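Chains as they are written, first to last, in our numbering: chain A, 1 to 226; chain B, 1 to 226.
Quick look at the structure:
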């Protein structure tokens with residue numbers, strides 16, 4: 001049960017159908033939602049796990065990615081504060097047949113509306129079902145954007161976009177991320193990332209040290225990304 | 001209005017909610033659906049076009065693909081007889097923000113349930129709305145499968161899978177398709193396709209002539225694909 005007014009406010013703002021459902025339905029959300037904490041790198045969801053319910057990011061952020069048998073990864077999307085995640089209610093989505101993993105990229109607090117409640121309301125209320133459907137469409141669009149990057153964009157452009165995004169997430173020009181980690185995000189190999197970073201460095205766009213990557217010329221990086 | 005019993009049967013079988021909607025609603029589908037014909041290569045849908053409604057493939061098949069600014073393509077999925085397509089009712093899907101094109105890959109006949117009818121029924125009936133949502137999930141899964149191939153699979157495997165699929169679609173071991181066309185389907189370059197086909201030929205898997213590609217050793221091709 002949510003008692004903190006701030007948490008209820010997040011529910012209200014994120015669930016865009018809030019004003020279209022009954023007082024009883026609103027009460028069911030508030031009475032049954034719980035706060036769950038995850039530490040950095042904890043797995044919030046994987047396809048073989050339980051159908052948890054609807055999750056809303058209260059603090060921190062989540063990363064959804066696909067993992068190959070050989071351990072290669074690609075980031076599909078990220079979820080930030082107040083974003084809702086429907087994949088954790090995957091039993092509602094009969095035709096979602098692919099595997100993916102969602103992990104906490106930082107320490108996170110999540111508002112969870114358990115499946116027992118969300119599933120029931122979803123099958124009885126058109127506004128809630130529409131919300132579910134729009135969430136699936138949003139994630140579909142996110143993945144199509146990644147697809148567009150992977151298929152159509154040159155790797156220098158993809159890396160530039162990634163570094164700028166990462167800088168926005170970390171709120172800094174100094175990025176604490178390994179080449180290995182960047183490769184996993186972009187579905188590429190470490191060697192490819194290192195080679196391209198070396199090229200960026202030779203153009204004075206970044207400075208690569210053993211510990212981190214520093215953005216030296218943001219303007220040039222944005223030109224590459226656009 | 002559909003008068004042909006066979007067409008009504010397609011409607012019944014494809015619209016999995018058929019037995020859960022009222023007689024009046026069933027009648028609305030039958031009275032308002034129309035048959036539309038497309039010739040090979042006609043564009044059935046693009047993101048900037050009208051919101052047509054729900055389409056069901058009666059005969060022929062459709063190909064959905066993404067197109068880059070520079071004219072590069074990648075096939076996202078194909079729809080065959082009795083498959084329903086919700087992207088042609090894109091105005092229902094508020095958060096679908098990506099561009100794609102759906103074209104007739106052969107001469108096609110389509111059953112179209114106009115948006116004026118489908119949209120209305122979708123927002124008033126939970127079963128129909130659920131069907132819409134499941135269709136989006138299906139296409140999302142299709143696209144994720146392509147993503148998995150593009151990011152994680154080697155190109156020889158992807159080409160082998162494509163040739164086997166194409167052979168199933170054409171119902172023949174002799175494929176009338178250009179290297180350019182294969183490249184467009186796979187989001188690759190013609191040179192890359194030609195080089196890999198040459199390698200397949202050197203292993204006696206295919207025979208490449210000016211006019212077509214013949215599958216000579218299906219077993220080896222399936223080993224490559226698996």
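Glycine included, each C-beta is placed from N, C-alpha and C at the ideal position. Predicted, not measured: the structure shown is a model, and the values here were computed from it.
Would you decide whether residue i is buried or exposed? Buried here means 16 or more other CB atoms lie within 10 Å of its CB.
i	result
residue 184(A)	buried
residue 71(A)	exposed
residue 34(B)	exposed
residue 158(A)	buried
residue 4(B)	exposed
residue 16(B)	exposed
residue 7(A)	buried
residue 77(A)	buried
residue 116(A)	exposed
residue 47(A)	exposed
Quick check: what's the CA-CA separation for residue i versus residue j?
i	j	result
residue 118(A)	residue 68(B)	39 angstroms
residue 39(B)	residue 121(B)	30 angstroms
residue 41(B)	residue 197(A)	43 angstroms
residue 23(B)	residue 127(A)	24 angstroms
residue 175(B)	residue 221(B)	14 angstroms
residue 160(B)	residue 66(A)	23 angstroms
residue 100(B)	residue 139(A)	16 angstroms
residue 163(A)	residue 223(A)	13 angstroms
residue 89(B)	residue 79(B)	15 angstroms
residue 114(A)	residue 135(A)	17 angstroms
residue 9(B)	residue 50(B)	27 angstroms
residue 110(B)	residue 171(A)	51 angstroms
residue 193(B)	residue 203(B)	15 angstroms
residue 123(B)	residue 20(B)	15 angstroms
residue 154(B)	residue 225(B)	10 angstroms
residue 212(A)	residue 195(B)	40 angstroms
residue 28(B)	residue 59(B)	23 angstroms
residue 145(A)	residue 11(A)	28 angstroms
residue 151(B)	residue 98(A)	14 angstroms
residue 191(A)	residue 166(A)	20 angstroms
residue 207(A)	residue 177(B)	48 angstroms
Just the chain A side, please: which residues come within less than 8 angstroms of residue i by C-beta, in chain order?
i	result
residue 162(B)	Per Cβ cutoff of 8 angstroms: no residues; residue 162(B) is ~15 angstroms from chain A at best.
residue 96(B)	137, 140, 141
residue 133(B)	93, 129, 132, 133, 136
residue 18(B)	Within 8 angstroms Cβ-Cβ: nothing; residue 18(B) doesn't reach chain A, min ~17 angstroms.
Taking residue i as the query, report the chain A residues whose CB atoms sit under 7 angstroms from its CB, ordered along the chain.
i	result
residue 93(B)	137
residue 148(B)	66
Could you say which of the options lies nearest to residue i if we only look at CA atoms?
i	options	result
residue 143(B)	13(B), 74(B), 168(B)	74(B)
residue 129(B)	141(A), 98(A), 92(A)	92(A)
residue 62(B)	108(B), 148(B), 140(B), 188(B)	108(B)
residue 95(A)	60(B), 115(B), 132(B)	132(B)
residue 218(A)	182(A), 168(A), 180(A)	168(A)
residue 52(B)	86(B), 151(B), 206(B), 180(B)	86(B)
residue 64(B)	210(B), 186(B), 201(B)	186(B)
residue 26(B)	48(B), 205(B), 125(B)	125(B)
residue 2(B)	30(B), 14(B), 179(B)	30(B)
residue 230(B)	46(B), 14(B), 156(B), 141(B)	Since the first and last residues shown for chain B are 1 and 226, residue 230(B) lies out of range.
Can the beta-carbon of residue i be found closer than 8 angstroms to that of residue j?
i	j	result
residue 36(B)	residue 104(B)	no
residue 57(A)	residue 32(A)	no
residue 84(B)	residue 112(B)	no
residue 173(A)	residue 148(A)	no
Could you tell me which chain B residues have their CB closer than 7 angstroms to the CB of residue i, listed as they occur along the chain?
i	result
residue 130(A)	129
residue 74(A)	151
Give the residues of chain A in contact with residue i, contact being defined as C-beta atoms less than 9 angstroms apart.
i	result
residue 123(B)	126, 130
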